[in-house]
Structure formats: C-alpha cells, structure tokens
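> The structure that follows is given in the form of structure tokens.
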Amino acid sequence: MKMFPFFLRVGLPVLAAGGVAAALVVASKGNQPSSAAEVTGHPPAAPYSSYIAGAGLVEALGRNIEISTPVGGIVDKVFVRVGDRVSAGAPLFRIEGRDKAAELKTREAAIPLNEAKIREAEAALADYRVQLKTAESLVDKRALSAEEFSKRRANVAIYESKLAEAKADLASAQAEVEQSRTDLERRVVRSPIDGEVLQLNVLPGAYASASVNDTALAMVGNVDRLAVRIDVDENDAWRFERGRPARASIRGNSDLTVDLTFEYVEPYVRPKKSLTGSSTERTDTRVLQVVYSFPNGKIPAYVGQQMDVFISAPAATPAKKTSSKSTASE
2 MKMFPFFLRV
12 GLPVLAAGGV
22 AAALVVASKG
32 NQPSSAAEVT
42 GHPPAAPYSS
52 YIAGAGLVEA
62 LGRNIEISTP
72 VGGIVDKVFV
82 RVGDRVSAGA
92 PLFRIEGRDK
102 AAELKTREAA
112 IPLNEAKIRE
122 AEAALADYRV
132 QLKTAESLVD
142 KRALSAEEFS
152 KRRANVAIYE
162 SKLAEAKADL
172 ASAQAEVEQS
182 RTDLERRVVR
192 SPIDGEVLQL
202 NVLPGAYASA
212 SVNDTALAMV
222 GNVDRLAVRI
232 DVDENDAWRF
242 ERGRPARASI
252 RGNSDLTVDL
262 TFEYVEPYVR
272 PKKSLTGSST
282 ERTDTRVLQV
292 VYSFPNGKIP
302 AYVGQQMDVF
312 ISAPAATPAK
322 KTSSKSTASE
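Here's what the structure looks like:
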C-alpha cells in the first residue's frame with residue numbers, strides 16, 4: 002500500500018514524460034520530406050517536325066488467328082505447346098471421337114457386302130442375257146412359247162434393275178464411309194497457316210466448346226515479321242497519307258525504337274476499343290486503323306504489346322477566316 006502513493010508521485014510523471022518524448026520523435030520523422038521516386042524512363046520524343054501520334058498494338062503479320070473447333074467435345078490430345086512453330090495443316094489438338102471411329106468401322110464393313118451383291122447381280126444378268134440371246138437365235142420360233150420369250154426378257158430387265166440398285170447401294174455405302182472419315186477428321190483441329198503457336202487454352206480432358214468463346218482455344222500467327230496496328234484519331238485521319246514513314250518505341254523504354262514499313266489501311270473508321278490509360282484519352286472517339294510492320298527481333302517486342310508510334314504527316318494549316326467586309330459584300 003505504501004508503494005502505490007510512491008508510484009503516483011514518481012511513476013506517473015515519468016511515464017507521461019516518456020510518452021511526450023515518443024510523440025515528438027514520431028512527429029519529427031513524419032515531417033521529413035519523402036525521397037523522390039526514381040525515374041526509370043522518359044516520354045518518347047517525336048522524330049518528325051510534323052507528325053501524327055497514336056498508340057499501336059503489336060500483332061502477327063496477317064492478324065492473330067483465333068482457333069476454334071467445328072465440333073464440341075472432350076479434348077483427347079494436344080499436339081503442340083505455346084511457342085512451337087507449326088506448318089499449315091499441322092494438328093493442334095483433337096476432340097475425342099470413339100463413337101465416330103466405331104461408326105466408321107461399321108460402315109466400312111458394309112462395303113464388301115454391297116460389292117458381293119453387285120457380283121451376284123452381274124452373274125445372274127449375264128446368265129439371263131445368254132438365255133434370251135439363245136431364244137432369239139432359234140430358227141424355229143415355235144420351239145419356245147411366247148410366254149417363255151416374255152419371261153426371259155423380263156428376267157434380263159429385272160436383273161439390270163437389281164444391278165443398278167446394287168451399284169447405287171455401294172455408292173451410298175462409300176459415301177457414308179467418307180462422311181464418317183470426315184467427321185473424324187473434323188475432330189482434329191489444324192493450323193490454317195505456317196506460323197507460331199501464340200496461345201493455347203486447351204488441356205487433355207477439358208471440354209472445348211464449338212460456340213463463340215470469350216477466350217480462344219488456341220491462337221497462331223506468322224511472327225517472322227511483326228505488325229503494328231495503329232489507332233489514328235478521327236480528328237487526325239485527314240492528315241494521314243499512305244506510305245509515310247513511321248517510328249515506334251517500346252512502352253517503358255523510349256530508347257528502344259524501330260522504323261516501320263507501311264503495309265495497308267483499313268478504310269473503315271471504327272469506335273476506339275484499345276485504351277492506353279491516359280487521363281486525356283477519350284473513349285467516345287473513332288479511329289482509323291493503320292498497319293505498319295517491322296522485322297521480328299529488331300527490338301524486344303511481343304504480340305499484344307502496346308507501342309508509342311509517330312507517323313510523319315503534313316503540317317496542319319489553320320482555316321482561313323472570312324472577313325466581315327467580304328461577308329457583307331457577298
């Protein structure tokens with residue numbers, strides 16, 4: 002009990018002084034200026050005195066081809082990996098088709114049966130033709146009755162029809178076999194071009210839908226030469242001239258630049274979809290898409306990457322103002 006009054010007289014003032022000192026230390030540290038963030042790059046500079054600036058998106062020359070499947074089903078096998086070089090017609094992945102394989106065997110088994118029916122009809126027809134020819138070659142027609150002559154002619158006509166029917170059945174069976182083979186072939190999804198596998202979103206055992214997918218099952222493209230699809234604002238579209246030189250730089254390092262070669266213009270002006278994140282960017286504008294290209298490996302660029310592009314363009318001339326006097330005289 003004697004210690005409690007001592008704590009009130011001595012301990013509380015000491016604790017209060019310590020708290021004040023700690024608050025002063027924290028406040029002094031909070032008032033110190035923070036160090037400026039290190040600048041890792043500088044904005045790109047235009048190489049031309051008069052130019053059109055635009056954001057470019059790297060893609061494979063000839064477009065990035067999104068691969069789908071004509072038949073939905075479970076993926077049975079994947080033949081490639083991302084980054085593999087493929088030739089036109091090379092298999093990418095396969096949809097399971099054991100039911101179609103069994104159907105093909107059943108239809109193939111029907112081919113020999115129909116061929117046997119044709120041989121049977123041919124043999125019978127040949128026999129009845131000989132009988133009819135023998136009857137027609139008799140000198141004395143009274144040796145056979147008129148009914149027998151009619152019967153032999155009818156037998157020839159009947160087996161001519163049976164032979165035609167057997168041949169038609171064989172053609173139908175062969176067509177069914179080809180249909181089954183086509184159904185099996187459609188389950189093997191192949192590359193439409195010589196190129197590189199840019200994306201692969203299928204795995205063995207996963208279901209691949211034949212409908213429109215949010216993400217492509219696979220993507221291939223010719224990346225021997227890369228293309229840059231540039232969005233030219235509709236306000237600058239009138240200044241663009243085909244074949245003008247252009248230069249692009251990598252986002253994040255404006256020192257990595259490459260001269261571009263003009264490829265073509267898509268003359269349809271469309272709503273802008275590719276956003277750069279700039280605070281001054283408009284989302285309600287329309288753009289003219291211009292495609293340039295450059296050799297792959299010239300700079301470390303990848304398909305889907307954004308680039309800053311400057312296209313040489315004639316200087317914009319200000320519109321002439323009509324004087325009030327001339328307006329009045331008119």
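For the sequence shown, this note's numbering assigns the number 2 to the initial residue and increments by one for each residue that follows. The beta carbon of each residue, even a glycine, is placed where N, CA and C say it ideally should be.
Does GLY253 get closer than 9 Å to chain D when you measure Cβ to Cβ?
Absent from the structure: chain D. Only one protein chain is present.
> Between which two residues does the alpha helix (DSSP H) carrying SER173 extend?
Along the sequence shown, one-based indexing puts residue 173 at 172. Counting along the chain, the alpha helix (DSSP H) containing SER173 begins and ends at 147-187.
> Taking the alpha carbon of PRO268 as the reference point, which residue from ILE231, ASN156, SER255 and ARG252 has its own alpha carbon closest?
Numbered from its first residue, the sequence shown carries residue 268 at position 267. Closest option to PRO268, Cα to Cα, is ILE231.
> What is the DSSP secondary structure of MET2, counted as helix, strand or coil?
One-based indexing of the sequence shown puts residue 2 at position 1. Model confidence at MET2 stands at a pLDDT of 49, short of 50, so the residue's coordinates are unreliable and nothing is read from them.
> Using CA atoms only, rank isn't needed, just tell me which of VAL59, GLU109 and ALA91 is closest to GLU177.
Taking the sequence shown and counting its residues from 1, the one referred to as residue 177 is at position 176. When each option's Cα is compared against that of GLU177, the closest is GLU109.
> Measure the C-alpha to C-alpha separation of GLU264 and LEU227 and round it to an integer number of angstroms.
Against the sequence shown, residue 264 aligns to sequence position 263. Against the sequence shown, residue 227 aligns to sequence position 226. If I take the Cα positions, the gap works out to 11 Å.
> Under DSSP, the alpha helix (DSSP H) around ASN115 begins and ends at which residues?
Your numbering for residue 115 matches position 114 in the sequence shown. Per DSSP, ASN115 belongs to the alpha helix (DSSP H) from 99-137.
> Looking only at its own chain, which residues have a Cβ that is under 7 Å from the Cβ of VAL189, when we skip the five neighbours before and after it?
Residue 189 sits at position 188 when you count from the first residue of the sequence shown. PRO92 and ARG95.
> Go ahead and label ASN214 buried or exposed: buried means 16 or more other beta carbons lie within 10 angstroms of its beta carbon, across all protein chains shown.
Here residue 214 refers to the residue found at position 213 when the sequence shown is read from its first residue. Classification of ASN214: exposed, given that the 10 Å Cβ count is below 16.
> Is ARG243 helix, strand or coil when you go by DSSP?
Position 242 of the sequence shown, counting from 1, holds the residue named residue 243. DSSP places ARG243 in coil when its eight states are reduced to three.
> Checking 9 Å against the spacing of the C-beta atoms, do SER250 and ASP309 come in under that value?
Position 249 of the sequence shown holds residue 250. Position 308 of the sequence shown holds residue 309. Yes, these two residues count as a Cβ contact at 9 Å.
> Please name the residue in SER181, ARG191 and LEU126 whose C-alpha comes closest to that of SER162.
Here residue 162 refers to the residue found at position 161 when the sequence shown is read from its first residue. The shortest C-alpha separation from SER162 is found at LEU126.
> Measure the Cβ-Cβ separation of ILE53 and ILE312 and say whether it is below 9 Å.
For this step, residue 53 is matched to residue 52 along the sequence shown. For this step, residue 312 is matched to residue 311 along the sequence shown. Yes. Within cutoff.
> Reducing DSSP to helix, strand and coil, say where ALA316 ends up.
By one-based count along the sequence shown, residue 316 stands at place 315. Coil, per DSSP.
> Taking only runs that begin and end inside the region 52-81, name each unbroken beta strand (DSSP E) of 3 or more residues, in chain order.
As far as the region 52-81 is concerned, its whole beta strand (DSSP E) runs of at least 3 residues are 52-68 and 74-79.
> Beta-carbon within less than 6 Å of ALA316's beta-carbon, same chain only, minus the 5 sequence neighbours each way: which residues are those?
Numbered from 1 along the sequence shown, position 315 holds the residue referred to as residue 316. If we look at ALA316 and ignore the five residues flanking it on each side, its Cβ neighbours are SER51.
> DSSP puts ILE251 in a beta bridge; with which residues?
As a working note, residue 251 is residue 250 in the sequence shown. ILE251 is bridged to ASN254 and MET308.
> Do PRO205 and VAL288 have their C-beta atoms closer together than 9 Å?
On the sequence shown, position 204 is the one that residue 205 refers to. On the sequence shown, position 287 is the one that residue 288 refers to. Contact: no.
> Look at the alpha carbon of HIS43 and the alpha carbon of GLY244, and state the distance between them as a whole number of angstroms.
For the purposes of this step, residue 43 is taken as the residue at position 42 of the sequence shown. For the purposes of this step, residue 244 is taken as the residue at position 243 of the sequence shown. Cα to Cα, HIS43 sits roughly 29 Å from GLY244.
> Please look up how many angstroms separate the CB atoms of VAL198 and VAL83, rounded, as I've assumed it's under 8 Å.
Within the sequence shown, residue 198 is the residue found at index 197, counting from 1. Within the sequence shown, residue 83 is the residue found at index 82, counting from 1. Indeed they touch by this definition, with Cβ atoms about 5 Å apart.
> Below 9 Å between beta carbons: does that hold for GLY90 and ASP77?
Along the sequence shown, read from residue 1 onward, the residue named residue 90 stands at position 89. Along the sequence shown, read from residue 1 onward, the residue named residue 77 stands at position 76. Cβ atoms of GLY90 and ASP77: not closer than 9 Å.
> Taking DSSP as the reference, what is the three-state secondary structure of ALA219?
As a working note, residue 219 is residue 218 in the sequence shown. Of the three classes helix, strand and coil, the one that applies to ALA219 here is strand, per DSSP.
> Locate the beta strand (DSSP E) running through VAL198, then write down its first and last residues.
Numbered from its first residue, the sequence shown carries residue 198 at position 197. 196-201 is the span of the beta strand (DSSP E), which, as asked, contains VAL198.
> Tell me which residue opens and which closes the beta strand (DSSP E) that LEU204 is part of.
Position 203 of the sequence shown, counting from 1, holds the residue named residue 204. No beta strand (DSSP E) contains LEU204, which DSSP labels as neither H nor E.
> Taking ALA56 as the reference, give the member of TRP239, VAL292 and ASN297 with the closest Cα.
The count along the sequence shown starts at 1 and reaches residue 56 at position 55. The shortest Cα separation from ALA56 among TRP239, VAL292 and ASN297 belongs to VAL292.
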